[in-house]
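Enquirer: Read top to bottom, the protein sequences are chains A and B. Residues in the first sequence are numbered consecutively from 8, following the working numbering. Residues in the second sequence are numbered consecutively from 8, following the working numbering. Backbone N, C-alpha and C fix where the C-beta goes; we use that ideal spot for every residue, glycine too. All values derive from a computational prediction rather than experimental measurement. One structure, as structure tokens, below. Some questions next.
Protein chains: 2
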Amino acid sequence: MTQDLLLKNVRPRGGDAADILIRAGRIEQIAPGIDAPDLPVEDGAGAIAIPGLVEAHTHLDKTVMGMGWYRNAVGTDLRAMIDNERAERTRLSLDPHRQSMRHALALVGAGCTHMRSHVDIDTDHGLTILEGVLSTREKLAGQVEIEIVAFPQSGLLCRPGTLDLLDAALDSGADLVGGLDPAGIDRDPKGHIDAIFELAEKKGRGIDIHLHEPGELGAFSLEMIIERTAALGLQGKVAVSHAFCLGMNDWHRTEALIARLADLDIAILTTGAPSREVPQVTRLQDAGVRMGAGCDGVRDTWSPLNRPDMLDRARIIAMRNNLRSDADLARVMDLVTVGGAAVIGLPGHGLAPGSSADIALVAGETLAEAVVSDAPRPLVIKAGRITARAGHSLTEAP
Amino acid sequence: MTQDLLLKNVRPRGGDAADILIRAGRIEQIAPGIDAPDLPVEDGAGAIAIPGLVEAHTHLDKTVMGMGWYRNAVGTDLRAMIDNERAERTRLSLDPHRQSMRHALALVGAGCTHMRSHVDIDTDHGLTILEGVLSTREKLAGQVEIEIVAFPQSGLLCRPGTLDLLDAALDSGADLVGGLDPAGIDRDPKGHIDAIFELAEKKGRGIDIHLHEPGELGAFSLEMIIERTAALGLQGKVAVSHAFCLGMNDWHRTEALIARLADLDIAILTTGAPSREVPQVTRLQDAGVRMGAGCDGVRDTWSPLNRPDMLDRARIIAMRNNLRSDADLARVMDLVTVGGAAVIGLPGHGLAPGSSADIALVAGETLAEAVVSDAPRPLVIKAGRITARAGHSLTEAP
Numbered sequence: 008m009t010q011d012l013l014l015k016n017v018r019p020r021g022g023d024a025a026d027i028l029i030r031a032g033r034i035e036q037i038a039p040g041i042d043a044p045d046l047p048v049e050d051g052a053g054a055i056a057i058p059g060l061v062e063a064h065t066h067l068d069k070t071v072m073g074m075g076w077y078r079n080a081v082g083t084d085l086r087a088m089i090d091n092e093r094a095e096r097t098r099l100s101l102d103p104h105r106q107s108m109r110h111a112l113a114l115v116g117a118g119c120t121h122m123r124s125h126v127d128i129d130t131d132h133g134l135t136i137l138e139g140v141l142s143t144r145e146k147l148a149g150q151v152e153i154e155i156v157a158f159p160q161s162g163l164l165c166r167p168g169t170l171d172l173l174d175a176a177l178d179s180g181a182d183l184v185g186g187l188d189p190a191g192i193d194r195d196p197k198g199h200i201d202a203i204f205e206l207a208e209k210k211g212r213g214i215d216i217h218l219h220e221p222g223e224l225g226a227f228s229l230e231m232i233i234e235r236t237a238a239l240g241l242q243g244k245v246a247v248s249h250a251f252c253l254g255m256n257d258w259h260r261t262e263a264l265i266a267r268l269a270d271l272d273i274a275i276l277t278t279g280a281p282s283r284e285v286p287q288v289t290r291l292q293d294a295g296v297r298m299g300a301g302c303d304g305v306r307d308t309w310s311p312l313n314r315p316d317m318l319d320r321a322r323i324i325a326m327r328n329n330l331r332s333d334a335d336l337a338r339v340m341d342l343v344t345v346g347g348a349a350v351i352g353l354p355g356h357g358l359a360p361g362s363s364a365d366i367a368l369v370a371g372e373t374l375a376e377a378v379v380s381d382a383p384r385p386l387v388i389k390a391g392r393i394t395a396r397a398g399h400s401l402t403e404a405p
Numbered sequence: 008m009t010q011d012l013l014l015k016n017v018r019p020r021g022g023d024a025a026d027i028l029i030r031a032g033r034i035e036q037i038a039p040g041i042d043a044p045d046l047p048v049e050d051g052a053g054a055i056a057i058p059g060l061v062e063a064h065t066h067l068d069k070t071v072m073g074m075g076w077y078r079n080a081v082g083t084d085l086r087a088m089i090d091n092e093r094a095e096r097t098r099l100s101l102d103p104h105r106q107s108m109r110h111a112l113a114l115v116g117a118g119c120t121h122m123r124s125h126v127d128i129d130t131d132h133g134l135t136i137l138e139g140v141l142s143t144r145e146k147l148a149g150q151v152e153i154e155i156v157a158f159p160q161s162g163l164l165c166r167p168g169t170l171d172l173l174d175a176a177l178d179s180g181a182d183l184v185g186g187l188d189p190a191g192i193d194r195d196p197k198g199h200i201d202a203i204f205e206l207a208e209k210k211g212r213g214i215d216i217h218l219h220e221p222g223e224l225g226a227f228s229l230e231m232i233i234e235r236t237a238a239l240g241l242q243g244k245v246a247v248s249h250a251f252c253l254g255m256n257d258w259h260r261t262e263a264l265i266a267r268l269a270d271l272d273i274a275i276l277t278t279g280a281p282s283r284e285v286p287q288v289t290r291l292q293d294a295g296v297r298m299g300a301g302c303d304g305v306r307d308t309w310s311p312l313n314r315p316d317m318l319d320r321a322r323i324i325a326m327r328n329n330l331r332s333d334a335d336l337a338r339v340m341d342l343v344t345v346g347g348a349a350v351i352g353l354p355g356h357g358l359a360p361g362s363s364a365d366i367a368l369v370a371g372e373t374l375a376e377a378v379v380s381d382a383p384r385p386l387v388i389k390a391g392r393i394t395a396r397a398g399h400s401l402t403e404a405p
């Protein structure tokens, strides 16, 4: 299981053919015609090389992959979907370790080298779901890096005891503090936001909060997140997932919010949800906001529509954002690689000497073609180690 | 090339296993354990059987499939995309016959048995594009039925001579009169709508008009379409494609429009465009509006994002319309089969004795799974004749 490799004949970001020399898990050189007789060689056969895909918003603990078809009769009310899932976890014997292994390895097969996963913490299941995902993270160490957000999916203050569990989750291995619709779910925006920011400050952790609230309600919650980020000096440590309110049709209102996000370096994570108003990627990026992207939950009790594949997601984001030109589609490819990496704290992620050798090969003539095509992924490399071939992880899923 | 067939072991619409007996191109019987020793037999291996997919809004004359990657630098302005395409047709030597063959056969491979294609009619290219698509229709007769809309893509009144060409197109084999953004493109809503309705009345043809105009502008154009449909007694003969204005956020306004569409039996065709406001499928259907769906142009100078596959489109429509439950996803499957068929004038399309044997087999446990999975399509049958296996048409594309 070497971490030295000579990757021959690939096209970095769809450009001219070159070889990539990897030593001790890092990229040492990118140039045509590299000779390194001591190293194992892989022939890229002219495929495009991109930095490893970054799944920056998902839920590894939720999928029902491999458990037969889940018949969804719950509809689309957020509270109903939350309560349905919490009950179904037990009824279906949904094993968080097995399921997160399946989900994570599917992502590895599709070119992912890094993931940020929210993991449900609630008073029914305590930390058992987290333990399953932690065990997956440990088993897949060296193949993929998994960052974990302790996520109060069922509500925080509306279910007493949850805040203590979040605290314990951070002591048990979760990395960040999560939150969820301070008004829409907890019905106490001040209480919810105060609680998660206090916890984050106490533990010295970052925050990633789900904000589905639309329009002015979401904008109000977002303002409170902005205010506390400024007050506590948490610049660069806070991310907001979804932030549908930034898609509302009030240019002055959204422009002011976007400027504040850029000032305080609050990151935005998007799934490009086709059925919702969404923050527009190029608008926010041009204003200086760090953005990443994710597939969200896949094949779970919420919906069967999402897939564990960041290139499938890239196409959806391109469609939702009306990005069609080659230049714009290349930006979407950056969003799902270096964009997400910058949000989860990997600013050096990329194809450059000195970077960790986290590389996916994708078939196609151009980056744009790779984005729109569910392009085949012949090879995935994590820190110089081959983790997947022909779309499948080398580690078999349970 | 028999049109008699015994299709064994399939699950009609995902239900219990049955056999389908086909004689002279029509479904004679659907039941378990049919015995017909005189007929050729196909084993469906338990796949789901659905009525042939209906691509009810596409542009067979536009694709660059098989011509290498087209680098799109034109952006998203509608007029710019129109003018770019008209020029690129010549520069790229885009052969309308060859390209429409490629596009149509890809759709056949993916399970289509019927298509409605708009075909560009403009003063630069005259009827040459139409001739290419007519030749495709003739070559593929018996494999797929292609309905053609004479489409003034570059504008009607703003390019004098186009109206005469539409008239000639209808004499040459086009079936319906097309139109396009009466205000947004032609800058003369009354003139445009009068012209196409007069032509349709004179020739005794139906109408299918592209209406991208958003909000109140689109609603105004839609009102004029409604008024003329009523005045000329064209109930059941008019379809509006896209109709983004029906997605605008004014419930009373849209509700009144939808009621008028249902009264006059004006059909709506959707692509579920993720970047636009769109008519909501279940809302319109529940109000009694006939609806069908299409992929729109695929891999063309407008955008590389669309694919020639109605199940890929079904998933996009489900995402755009927030349809997730098994029941709702089954409705989406109906939209892309019998829904589109009802719009293009095939009310008997379906899996029932007496119907034409137009059948696609799709892999999966349930209809919902087939919608969300780009499900493999092992077999496609058009009027009893096998047209595709394993996702590929038996006729090779040029």
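Which same chain residues, not among the five before or five after residue 377/B, have their C-beta less than 8 Å away from its C-beta?
Expert: Looking up residue 377/B in the second sequence gives position 370. Only 21, 55, 57, 318, 340, 369, 370 and 371 meet the Cβ criterion.
Enquirer: Counting only Cβ pairs nearer than 9 Å, list the residues of chain A close to residue 76/B.
Expert: Within the second sequence, numbered from 1, the residue matching residue 76/B stands at position 69. Those are 333, 371, 372, 373, 375 and 376, listed as they occur along chain A.
Enquirer: Is the stretch 34-49 of chain A touching the stretch 11-19 of chain A in the sense that three or more CB pairs, one from each, lie closer than 8 Å?
Expert: yes
Enquirer: Which complete beta strand (DSSP E) runs does the stretch 191-264 of chain A hold, if anything under 3 residues is left out?
Expert: Fully enclosed beta strand (DSSP E) runs of 3 or longer: 214-218 and 245-249.
Enquirer: Assuming residue 342/A contacts residue 288/A (C-beta within less than 8 Å), just tell me the rounded distance between them.
Expert: Working through the first sequence from its first residue, we reach residue 342/A at position 335. Working through the first sequence from its first residue, we reach residue 288/A at position 281. Right, the Cβ-Cβ distance comes to about 6 Å (below 8 Å), so this counts as a contact.
Enquirer: Taking all protein chains shown into account, decide if residue 223/B is buried (16 or more other Cβ within 10 angstroms of its Cβ) or exposed.
Expert: Taking the first residue of the second sequence as 1, we reach residue 223/B at position 216. An exposed status is given to residue 223/B, since fewer than 16 other beta-carbon atoms sit within 10 Å of its beta-carbon.
Enquirer: Under 7 Å between the Cβ atoms of residue 323/B and residue 279/B?
Expert: Locating residue 323/B in the second sequence gives position 316, counting from the first residue. Locating residue 279/B in the second sequence gives position 272, counting from the first residue. It is a contact, given that the beta carbons lie within the stated cut-off.
Enquirer: For residue 313/A, count the other beta carbons within 10 Å of its own beta carbon; 16 or more makes it buried, fewer makes it exposed. Which is it?
Expert: Here residue 313/A is taken as the residue at index 306 of the first sequence, counted from 1. Burial state of residue 313/A is buried, judged by a 10 Å Cβ sphere holding 16 or more other Cβ atoms.
Enquirer: Any residues in the stretch 290-320 of chain A with a beta carbon nearer than 9 Å to a beta carbon of chain B? Which ones, in chain order?
Expert: Of all residues in the stretch 290-320 of chain A, 306, 309, 310, 311, 312, 313 and 314 have a Cβ within less than 9 Å of some Cβ in chain B.
Enquirer: Use the C-beta contact count for residue 309/B: other C-beta atoms within 10 angstroms, 16 or more gives buried, fewer gives exposed.
Expert: Working through the second sequence from its first residue, we reach residue 309/B at position 302. By the 10 Å Cβ count, residue 309/B comes out buried.
Enquirer: Determine the chain B residues that contact residue 93/A at a beta-carbon separation under 9 Å, and present them in chain order.
Expert: Looking up residue 93/A in the first sequence gives position 86. Per Cβ cutoff of 9 Å: no residues; residue 93/A is ~18 Å from chain B at best.
Enquirer: Just by C-beta distance, which residues in the stretch 260-292 of chain A are closer than 7 Å to chain B?
Expert: 281 and 282
Enquirer: Which bits of chain B does residue 327/A rub up against, with CB to CB less than 7 Å?
Expert: Taking the first sequence and counting its residues from 1, one reaches residue 327/A at position 320. Chain B residues near residue 327/A: 281 and 282.
Enquirer: I'd like to know whether the C-beta of residue 70/A is nearer than 7 Å to at least one C-beta of chain B.
Expert: For the purposes of this step, residue 70/A is taken as residue 63 along the first sequence, with counting starting at 1. Not one chain B Cβ lies under 7 Å of residue 70/A.
Enquirer: Can you tell me where the beta strand (DSSP E) with residue 62/B in it begins and where it stops?
Expert: Here residue 62/B refers to the residue found at position 55 of the second sequence. Per DSSP, the continuous beta strand (DSSP E) segment holding residue 62/B begins and ends at 60-65.
Enquirer: For the stretch 78-93 of chain A against the stretch 346-366 of chain A, are there 3 or more C-beta pairs whose distance is under 8 Å?
Expert: no
Enquirer: Below 7 Å between beta carbons: does that hold for residue 192/A and residue 162/A?
Expert: For the purposes of this step, residue 192/A is taken as the residue at position 185 of the first sequence. For the purposes of this step, residue 162/A is taken as the residue at position 155 of the first sequence. Closer than 7 Å, so yes.
Enquirer: Could you spell out where the alpha helix (DSSP H) holding residue 170/B opens and where it closes?
Expert: Taking the first residue of the second sequence as 1, we reach residue 170/B at position 163. Segment 169-179, the alpha helix (DSSP H) holding residue 170/B.
Enquirer: Could you say if the stretch 111-129 of chain B and the stretch 59-70 of chain B meet the contact criterion of at least three C-beta pairs nearer than 8 Å?
Expert: yes
Enquirer: If you draw a straight line from the alpha carbon of residue 195/B to that of residue 189/B, how long is it in whole angstroms?
Expert: Translated into positions along the second sequence, residue 195/B becomes position 188. Translated into positions along the second sequence, residue 189/B becomes position 182. Roughly 6 Å between the two C-alpha positions.
Enquirer: Strictly under 7 Å for the Cβ-Cβ distance: is residue 65/B near chain A by that measure?
Expert: Position 58 of the second sequence holds residue 65/B. Under the Cβ distance rule, residue 65/B does not count among the residues neighbouring chain A, no pair being separated by less than 7 Å.
Enquirer: I need the straight-line Cα distance from residue 131/B to residue 93/B, nearest angstrom please.
Expert: Position 124 of the second sequence holds residue 131/B. Position 86 of the second sequence holds residue 93/B. Residue 131/B and residue 93/B: Cα-Cα distance of roughly 8 Å.
Enquirer: I want to verify the contact list: residues of chain A whose CB lies under 8 Å from the CB of residue 80/B, in sequence order.
Expert: Taking the first residue of the second sequence as 1, we reach residue 80/B at position 73. Neighbours of residue 80/B on chain A, chain order: 332, 333 and 334.
Enquirer: Return the first residue and the last residue of the beta strand (DSSP E) that residue 394/B is part of.
Expert: Indexing the second sequence from 1 puts residue 394/B at position 387. Here the beta strand (DSSP E) through residue 394/B covers 392-396.
Enquirer: Just checking: is the beta-carbon of residue 339/A within a distance shorter than 7 Å of some beta-carbon in chain B?
Expert: The residue you call residue 339/A lines up with position 332 of the first sequence. No, no contact with chain B.
Enquirer: List the endpoints of the continuous alpha helix (DSSP H) containing residue 124/A.
Expert: Counting from 1 along the first sequence, the entry for residue 124/A is found at position 117. Taken as a continuous stretch (DSSP letters only), residue 124/A belongs to no alpha helix (DSSP H), being part of the beta strand (DSSP E) at 119-127.
Enquirer: Does DSSP classify residue 10/A as helix, strand or coil?
Expert: Taking the first residue of the first sequence as position 1, residue 10/A is located at position 3. Coil.
Enquirer: Tell me which residues share the same chain as residue 260/A and place their Cβ nearer than 7 Å to its Cβ, disregarding the 5 neighbours each side in the sequence.
Expert: Locating residue 260/A in the first sequence gives position 253, counting from the first residue. Hits under 7 Å: 226.
Enquirer: Between the C-alpha atoms of residue 301/A and residue 269/B, what's the straight-line distance to the nearest angstrom?
Expert: Taking the first residue of the first sequence as position 1, residue 301/A is located at position 294. Taking the first residue of the second sequence as position 1, residue 269/B is located at position 262. Rounded to whole angstroms, residue 301/A to residue 269/B spans 40 Å at the Cα level.
Enquirer: Classify residue 100/B: buried if its beta carbon has 16 or more other beta carbons within 10 angstroms, exposed otherwise.
Expert: In the second sequence, residue 100/B corresponds to position 93, counting from 1. Looking at its Cβ environment, which holds fewer than 16 other Cβ atoms inside 10 Å, residue 100/B is exposed.
Enquirer: Pull up the distance between the alpha-carbon of residue 152/A and that of residue 144/A, whole angstroms please.
Expert: Indexing the first sequence from 1 puts residue 152/A at position 145. Indexing the first sequence from 1 puts residue 144/A at position 137. Whole-angstrom Cα-Cα distance: 7 Å.
Enquirer: In the DSSP assignment, find the unbroken beta strand (DSSP E) run with residue 27/A in it and report its ends.
Expert: Reading the first sequence from its first residue, position 20 is the one you call residue 27/A. Residue 27/A -> beta strand (DSSP E) spans 25-30.
Enquirer: Using a C-beta cutoff of 7 Å, does residue 379/A count as contacting chain B?
Expert: Here residue 379/A refers to the residue found at position 372 of the first sequence. Yes - at least one Cβ of chain B is within 7 Å of the one on residue 379/A.
Enquirer: Does the beta carbon of residue 83/B come closer than 7 Å to any beta carbon on chain A?
Expert: The residue labelled residue 83/B in the question sits at position 76 within the second sequence. Look at residue 83/B: its C-beta is under 7 Å from a C-beta on chain A.
Enquirer: What distance in whole Å lies between the Cβ atoms of residue 360/B and residue 35/B, which are believed to be in contact at a cut-off of 8 Å?
Expert: The sequence position of residue 35/B within the second sequence is 28, counting from 1. The sequence position of residue 360/B within the second sequence is 353, counting from 1. Right, the Cβ-Cβ distance comes to about 6 Å (below 8 Å), so this counts as a contact.
Enquirer: Name, going along the chain, the residues of the stretch 160-173 of chain B whose beta-carbon falls closer than 8 Å to a beta-carbon of chain A.
Expert: none
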